[in-house]
Each structure stands twice: as C-alpha cells, then as structure tokens.
Amino acid sequence: MAIRDRVGEVTERIVKRSHDSRSAYLERIGKAADQGPQRSRLSCGNLAHGFAACGLSDKAALSGDVVPNLGIITAYNDMLSAHQPYETYPDLIRQAAREVGAVAQVAGGVPAMCDGVTQGQDGMELSLFSRDVIAMAAAVGLSHQMFDAAVFLGICDKIVPGLTIAALSFGHLPAVFIPAGPMTTGISNDEKAKVRQLYAEGKVGRDALLESESKAYHSPGTCTFYGTANSNQMLMEIMGLHMPGASFVNPGTPLREALTKEAAKRALAISALGNEFTPAGEIINEKAIVNGVVGLHATGGSTNHTMHLVAMAAAAGIRLTWDDISDLSDVVPLLARVYPNGKADVNHFQAAGGLAFLIRELLGDGYLHQDVKTVYGSDLSGYTVEAKLDADGNVIRDPAPQISGDETVLAPANKAFQPTGGLKMLTGNIGKAVIKISAVAKERHIIEAPARVFHSQEDFLKAFSNKELNGDVAAVVRFQGPKACGMPELHKLTPSLGILQDRGHKVALITDGRMSGASGKVPAAIHVTPEAANGGPIAKIQDGDLIRINAVTGELAVLVDEAEFDSRPVAQEDLSHHQFGVGRDLFAAFRANVGTADAGAHVFDV
Numbered sequence: 002m003a004i005r006d007r008v009g010e011v012t013e014r015i016v017k018r019s020h021d022s023r024s025a026y027l028e029r030i031g032k033a034a035d036q037g038p039q040r041s042r043l044s045c046g047n048l049a050h051g052f053a054a055c056g057l058s059d060k061a062a063l064s065g066d067v068v069p070n071l072g073i074i075t076a077y078n079d080m081l082s083a084h085q086p087y088e089t090y091p092d093l094i095r096q097a098a099r100e101v102g103a104v105a106q107v108a109g110g111v112p113a114m115c116d117g118v119t120q121g122q123d124g125m126e127l128s129l130f131s132r133d134v135i136a137m138a139a140a141v142g143l144s145h146q147m148f149d150a151a152v153f154l155g156i157c158d159k160i161v162p163g164l165t166i167a168a169l170s171f172g173h174l175p176a177v178f179i180p181a182g183p184m185t186t187g188i189s190n191d192e193k194a195k196v197r198q199l200y201a202e203g204k205v206g207r208d209a210l211l212e213s214e215s216k217a218y219h220s221p222g223t224c225t226f227y228g229t230a231n232s233n234q235m236l237m238e239i240m241g242l243h244m245p246g247a248s249f250v251n252p253g254t255p256l257r258e259a260l261t262k263e264a265a266k267r268a269l270a271i272s273a274l275g276n277e278f279t280p281a282g283e284i285i286n287e288k289a290i291v292n293g294v295v296g297l298h299a300t301g302g303s304t305n306h307t308m309h310l311v312a313m314a315a316a317a318g319i320r321l322t323w324d325d326i327s328d329l330s331d332v333v334p335l336l337a338r339v340y341p342n343g344k345a346d347v348n349h350f351q352a353a354g355g356l357a358f359l360i361r362e363l364l365g366d367g368y369l370h371q372d373v374k375t376v377y378g379s380d381l382s383g384y385t386v387e388a389k390l391d392a393d394g395n396v397i398r399d400p401a402p403q404i405s406g407d408e409t410v411l412a413p414a415n416k417a418f419q420p421t422g423g424l425k426m427l428t429g430n431i432g433k434a435v436i437k438i439s440a441v442a443k444e445r446h447i448i449e450a451p452a453r454v455f456h457s458q459e460d461f462l463k464a465f466s467n468k469e470l471n472g473d474v475a476a477v478v479r480f481q482g483p484k485a486c487g488m489p490e491l492h493k494l495t496p497s498l499g500i501l502q503d504r505g506h507k508v509a510l511i512t513d514g515r516m517s518g519a520s521g522k523v524p525a526a527i528h529v530t531p532e533a534a535n536g537g538p539i540a541k542i543q544d545g546d547l548i549r550i551n552a553v554t555g556e557l558a559v560l561v562d563e564a565e566f567d568s569r570p571v572a573q574e575d576l577s578h579h580q581f582g583v584g585r586d587l588f589a590a591f592r593a594n595v596g597t598a599d600a601g602a603h604v605f606d607v
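Okay, here's the thing in structure tokens:
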C-alpha cells in the first residue's frame, strides 16, 4: 500500500530540514568507507598490539586485509538481569566468525546501569547521562580501527540509544545489534502494582513487597513490562538493525543462541570485505527514523524515546523534532496492549504474533516505509516473519500469522485499540511536554486541578504521608531536569499518585523530570522544557494555581492571568546536594552542557 499522507508529509519535511546535516554526514562516512579496511593504515607495531592476544590462526588472518575482523562492543555485567546472558556471547560470536573464515574480538565494554536498582536513589541522577558515556566508551573501543564491522550487545534503557549513537558515529561500518531477550513471565504486572500500592498505604510490610518484586523480576532477561528496554528492542528491529524475529526470544534457549551466531555471520557478510556492503549510516536514514517513531506509537512505547530518538537521529545528521513525533501520533493507531498499557507482558505479545504481525499490519496499511535498507539485506517486508529452528538447529523464518493469537494484546490494524498513538506532545504557557496516554483512561485525558508545588520526590512523599493531599491535585515536581540534576526517573511517585486517583480525586503530574515507559494510569506531563533550572515557566507556578492538561488538544497551561504570570519571579533552588556523591561530582560538565529535552538532552555538538 502507498504510504499514508501524514507519514509521507512528516518524512519529507524531515528530509528537507536535515538536508545539509545529512549530506555532510553521508559525505563523511563515505570518505571513511572509501579508504577500505582500516587495518591497512596501521603500522606493524600498531597491528602487533592489536592481535597480540589472538591465537596463531587469528594472527595470521589479521596480518593482511582480506579476512574481516568483527568488533564486539559489549554492555555485559551480571547485575543487570537483561545483560547477564551476554557473558557467553563473545565466545559464540568468535566461533561463528571462525566458521566463515573470519575473526572476532571484543573491542570494548561499556557501562550499563540498572534503572531498576537506582530507581528513587541518588544514582538515578547519572542514568540519562550514562547514554552519552556509553556512546563515548563504545567509540573508544572502535577507535583502534581494527574492525570491518561491529556487533553491539545491549538491551536496556540508555544502553541501546548510546550504542546506536556510537554505531552511527562509526557509520561507515556495518553494525548489527544482538539482543538477549526477555525473562520468562513471573507474577502479573497488575499483581505487582497492587502490592506496591498496598505498601505505599501501609497495608503490607517490606517483606511482602520484596517477595512480590522478586517474583516479578526473577531470572535472566529484560523486565517483561513494556518499558524503555523492550521499546529499544522493538526499535532496533523495526529500524532494521536486528535480524528479523530476534527481539523477544527468551535467553538460554537454542533459538536465542542460533540467532546470536547468525547475527555475527551476517555482520561479517555485510562488511566491505563481503558481497553486500551495508554501512550502518545508510540503514538509519529519515525513513528508518520515521519507522521507529511509528513503531513507538503503535506499541505505546517508552516516553524516553522522545529524547533518545531525537539524539539517535542527530548522530546520523537527521533533525527529528517533537512536532514530528506528535504529528505522527495523531494518525498512527495503537495496536498493542502490553503493561502498563494493558495486562499482558512482552512474552504474551510475542506469542500473539509479536513484531512480525505488527510490522505486517503497519506496512499493509501504509504506516511504515517499506523501501529501507536493513542488516538482513531485504526491505522491511523481510521483517514480517517469525524466527524458528529447523531439525538441524538452523534459523528459518515463517510468515507472520494471519490472525493475532490474542486480539486483547495485539490487534490488527482494522481493529486498533485506539486510532491514535500512545504518546502526545503538549504545549502552552508552561512550555512543552510529553504525555503517555495509552494507559490513561479516556475520562482522564483532560484534567484541571489546583497545583501543589514540590522541589523533590521526597517532598511530595512527605506531604502524602502527612495526609496533606486530600483532594484534586496537579503535583508540580520541578528542578528535576537534565541541567538541574540529570533528569532522574520519578517512579517513586507512581504508587502514591495512583492511590490519590483511586480515591476519586482528579490527579496529574507536571514535571521537568522523567517517568518513562513504566508510566501508567495517572496523567503525567513530563520532560517539561524549558526546565526550572533554566528559568522555564514551570518555575513560576505557585500552590493553588489551576493547571490544565488536555491530551486531546495537546494543551498544557496554568490558568492564571497572563500579565500576572509573566510578572512573577522565577523560583530558585539550591541544587548543591545534587552535585556530589555516587559519582555526581564527575558529571558537572554534563549538567553544564546538556541540551534541552526536546533536543535530545545530550551533550554532543551534532
């Protein structure tokens, strides 16, 4: 089917807006690709260092330029459940490389913090900045110029965006992303959320809470709700950087291992020394970025990607804006109901037909660009398949099922859960913001409530514990932006806000901080920009001001006389306590130089 008018219009304006920066980017990576294998320019001393630890056969292979060398960038650590499986991947990748007469080396490791561990803790203030650190760390690994292609081992929240930025910085090299898959299903997400709320109300103790959490997060693999980590996997597949069907296969299975080896061999096949040279910088073009945004809307994905996708696009010379994301949200239907947008988890989504079904439905209705490059070598229609094993243990692919296995989890395009996407952009006299509406009941898409202003999560929780919040409330939690303190996640607020809403009050959150993919049933205007630390209007809001969030029209406003509001002083806050401890002193340069949320909240001059 021909591409939908709105999708085509948004794509075209991104192309026009990005013309100069994209042209410069393509020229830069083209020159790098034309120089051929980078090892040819290394001195004998350089090269000897580069393969000193290799076996004799690998040394002999790397002595010339005719055998491809695959660089492995790994985000392995065994504290992150999602990344623990990566411990064994380098050996699998080396084995796969040798089977096709090539070499593979771990080029470098990158940090990978777990937002689940740092949630509500001081360390969360490093989380968003870790994306840019990951990009830089991966660049250090690839800077040795020993490699003809690269594979990237990462799954979770900031890790995949950071690795993508690095892959695009080295856009003359082919890049394949290799996932590890979600953990198997534990207790239901509804049950987990209920226990959290009971704990917040003081009705169960910490032992019951820990038992519940341990039953939810119980094994290797990604957390099974549809947050940023699983949104990352959707994006890598729909933008053509995964092998088809790779995203949601559980760890420790024969299919998972076979997909890993297949991805390594494919990365070598598309190197400049293979027959299908496909550099990463050509795969990620304007159409691929639009496909990613469409996928985000159709699945009700993480709000973090309103920043990450902007930053990732910028690394390829592409200028994506919140207006582009918002305009696509107005026309892309919601086809998935995965927690927090529904009761199912990603394993249920995969069983119902997964990304193969979703991509086929979106392609068939003209919401995705089919004519894109992918690491698989096909256009996007090659991703409407499910990965399986044949009797010999080889990966084979069957067409996506014609009918969803569960239409309460994964709907066909003609039975969409709603006609618009899961994200909405808001604008008004408070600034610009993002709201995730796919999990919010329709009757709460418009909220007017009096403001109660807080400068930290702790201040809000203290007021809640002291029973000071007894009616309608628009909780304004400010000085949480990237410049103020690194833009931490504010999930610690979720149970208390949910309790207030369940008591029948009109409740909303307005913040220059983040709430990301786990944000749920309470209307939350997040990523407010300009942030309070930059003197944004959010810093002028006072207790009692009437706040309006209208997710239908896209309005975020304080209903105060314009002259009075403009004349108000900007609130100030002593932020010194955010500058030290858990490494925060090392990130002063990031806080000083970070861009705004709508520009990707990154520190790179791209």
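Heads up, the sequence shown is in my numbering, so the first residue is 2 and it goes up one at a time. Ideal Cβ positions, reconstructed from N, Cα and C, are used throughout, including at glycine. The structure displayed is predicted, hence computed values, not measured ones.
| query | result |
| --- | --- |
| Distance, Cα to Cα, His1 vs Ala572? | Examination of residue 1 is not possible in this model, given that the chain is present from 2 through 607 alone. |
| Three or more beta-carbon pairs under 8 Å between the segment 495 to 513 and the segment 442 to 458, yes or no? | yes |
| Taking the alpha helix (DSSP H) that His349 belongs to, which residues open and close that run? | 347 to 353 |
| Using the beta-carbon count (16 or more within 10 Å), is Asp372 buried or exposed? | exposed |
| Please classify His243: does DSSP put it in a helix, a strand, or coil? | coil |
| Compare the C-alpha of Val561 against each of Asn551, Pro538, His578, Tyr384 and name the closest. | Pro538 |
| Assuming Val250 contacts Gly182 (C-beta within less than 8 Å), just tell me the rounded distance between them. | 5 Å |
| Please classify Phe52: does DSSP put it in a helix, a strand, or coil? | helix |
| Leaving out five residues on either side along the sequence, give the residues of the same chain with a beta carbon under 6 Å from the beta carbon of Val11. | Asp325, Asp328, Leu329 |
| So for His528, helix, strand or coil by DSSP? | strand |
| Can you look up Pro538 in the DSSP assignment and give me helix, strand or coil? | helix |
| Taking only the alpha-carbon atoms, compute the straight-line gap between Ile290 and Gly203 and give it to the nearest angstrom. | 45 Å |
| Determine, using beta carbons only, whether His309 and Val333 come nearer to each other than 7 Å. | no |
| So which of Pro483, Val441, Phe480, Ala270 has the shortest CA-CA distance to Gly612? | With the chain covering only 2 through 607, there is no way to say anything about residue 612. |
| Let me know the alpha helix (DSSP H) ranges lying completely inside the segment 235 to 297, each 4 residues or longer, listed in chain order. | 255 to 270, 281 to 284 |
| So, helix, strand or coil for Ala139, using DSSP? | helix |
| Identify whether Asn415 lies in helix, strand or coil by the three-state DSSP scheme. | helix |
| Quick one: what does DSSP say Phe566 is sitting in, helix, strand or coil? | helix |
| In whole angstroms, what separates the C-alpha of Gly518 from that of Ala138? | The pLDDT assigned to Gly518 is 47, lower than 50, so where the model puts this residue is not dependable; a value taken from the coordinates is nonetheless given after this. Cα to Cα, the separation comes out at about 25 Å. |
| From what residue to what residue does the alpha helix (DSSP H) around Leu427 run? | Per DSSP, Leu427 belongs to no alpha helix (DSSP H); it is in the beta strand (DSSP E), 424 to 429. |
| Taking the alpha-carbon of Phe418 as reference, which of Gly432, Gly429, Gln122, Val441 has the nearest alpha-carbon? | Val441 |
| Identify the residues that DSSP records as bridge partners of Ala314: which are they? | Paired residues: none, contrary to the question. |
| Looking only at DSSP bridge pairs, what is Phe178 linked to? | Phe153 |
| For Gln120, which three-state DSSP category applies? | coil |
| Taking three-plus beta-carbon pairs below 8 Å as touching, is the segment 127 to 136 in contact with the segment 162 to 178? | yes |
| For Met2, does the count of other Cβ atoms within 10 angstroms reach 16, so buried, or fall short, so exposed? | exposed |
| Would you call the segment 141 to 157 in contact with the segment 104 to 123, where contact means no fewer than 3 C-beta pairs closer than 8 Å? | yes |
| If you compare alpha carbons, which of Lys507, Met80, Asn292 is closest to Pro221? | Met80 |
| Using the three-state DSSP reduction, which class does Ala357 fall into: helix, strand or coil? | helix |
| Beta-carbon within less than 6 Å of Ala589's beta-carbon, same chain only, minus the 5 sequence neighbours each way: which residues are those? | none |
| What number of angstroms, rounded off, separates the C-alpha of Lys216 from the C-alpha of Arg197? | 13 Å |
| Measuring only the C-alpha atoms, how far is Gly253 from Gln351? | 17 Å |
| Measure the C-alpha to C-alpha separation of Gly102 and Gly72 and round it to an integer number of angstroms. | 15 Å |
| Enumerate in chain order the residues of its own chain whose CB-to-CB distance from Ile188 is below 6 Å, with the five nearest sequence positions on each side excluded. | Lys216, Ala217 |
| Report yes or no: do three or more beta-carbon pairs, one from the segment 120 to 127 and one from the segment 83 to 93, lie closer than 8 Å? | no |
| Quick one: what's Asn551 bridged to in DSSP? | Ile447, Glu556 |
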